[in-house]
Amino acid sequence: MWCDLFIKKVFYMAEELKIKKGSTKEELYLSLYPQLASLIRDEEDLVANMANISSALKETFNFFWVGFYRVIRERLVLGPFQGPIACTSIAFGKGVCGKAWKEEKTIIVPDVDQFPGHIACSSLTRSEIVVPIKKDGDVIAILDIDSDKLNSFDEIDAVNLEKITLLL
Numbered sequence: 306m307w308c309d310l311f312i313k314k315v316f317y318m319a320e321e322l323k324i325k326k327g328s329t330k331e332e333l334y335l336s337l338y339p340q341l342a343s344l345i346r347d348e349e350d351l352v353a354n355m356a357n358i359s360s361a362l363k364e365t366f367n368f369f370w371v372g373f374y375r376v377i378r379e380r381l382v383l384g385p386f387q388g389p390i391a392c393t394s395i396a397f398g399k400g401v402c403g404k405a406w407k408e409e410k411t412i413i414v415p416d417v418d419q420f421p422g423h424i425a426c427s428s429l430t431r432s433e434i435v436v437p438i439k440k441d442g443d444v445i446a447i448l449d450i451d452s453d454k455l456n457s458f459d460e461i462d463a464v465n466l467e468k469i470t471l472l473l
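Residues in the sequence shown are numbered from 306 upward in steps of one, following this note's numbering.
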């Protein structure tokens, strides 16, 4: 009996994030990081971990769209995400995601209408941040986050999202 109760408690602990309302962006990231690390620590499946990270980021920051694209056969292919439907496949070097993949660096776009070649998966997206994820020196995926507000992302996001993607 006590064993069943203990197991239930352990499994239920991962079902909700402990995020303090009214915190600054930096405080939210500081609170979220150890929870994500704990949540995905024992799971080896990349897609499962991407799913939980995208959900946690969406829930914590209420971003318009949060998701991953995985490198498959020389294209970025849609992976786990939270938000409205999205582009399914993106070519190397195309749009913000393809450029972040090509340049192997985080890209912050304050106003997507000012980004040459922006791929509009949703006309509601106003700003964006894209973080490449590397394994053995190669980009294997990217984290893409869209906002329906201008200038939503800054260096605080870049540093913390890069740290979160290292968990993968």
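Ideal Cβ placement from N, Cα and C applies to all residues, glycine included.
Only a predicted model underlies this, so the values are computations on that prediction, with no experimental measurement involved.
Can we say the segment 418 to 435 touches the segment 354 to 363, given the rule of at least three CB pairs closer than 8 Å?
No, the segment 418 to 435 is not in contact with the segment 354 to 363.
Under 6 Å Cβ to Cβ from leucine 471, same chain only, skipping five residues before and after it: list those, please.
Here residue 471 refers to the residue found at position 166 when the sequence shown is read from its first residue. Take leucine 471, set aside five residues on each side of it, and no residue of its chain has a beta-carbon closer than 6 Å to its own.
Let me know if valine 436 comes out buried or exposed under the rule of 16 or more other beta-carbons within 10 Å of its beta-carbon.
On the sequence shown, residue 436 is found 131 positions in, with the first residue counted as 1. That one is buried.
Terminal residues of the alpha helix (DSSP H) in which glycine 400 lies:
Looking up residue 400 in the sequence shown gives position 95. Run containing glycine 400: 400 to 408, per the alpha helix (DSSP H) assignment.
Please work out which residues of its chain come closer than 8 Å, Cβ to Cβ, to leucine 342, disregarding the five sequence neighbours upstream and downstream, and give them in chain order.
Here the question's residue 342 lines up with position 37 in the sequence shown. Residue 342 is actually alanine in this sequence, not leucine. Within the same chain, alanine 342 has close Cβ partners Leu472.
For aspartate 451, name the three-state secondary structure that DSSP assigns.
Reading the sequence shown from its first residue, position 146 is the one you call residue 451. Correct three-state label for aspartate 451: strand.
Isoleucine 412 versus Asp441, Thr393 and Phe458, residue with shortest Cα-Cα distance
Translated into the one-based positions of the sequence shown, residue 412 becomes position 107. Ranking Asp441, Thr393 and Phe458 by CA distance to the CA of isoleucine 412 puts Phe458 first.
Starting from isoleucine 324, trace the beta strand (DSSP E) both ways and give me its first and last residue.
Here residue 324 refers to the residue found at position 19 when the sequence shown is read from its first residue. Per DSSP, isoleucine 324 belongs to no beta strand (DSSP E) and is neither H nor E.
Using DSSP with H/G/I as helix, E/B as strand and the rest coil, what is glutamate 332?
As a working note, residue 332 is residue 27 in the sequence shown. Three-state result, glutamate 332: helix.
In the structure shown, what three-state DSSP assignment does phenylalanine 386 receive?
Within the sequence shown, the letter at position 81 stands for residue 386. Three-state DSSP puts phenylalanine 386 in a strand.
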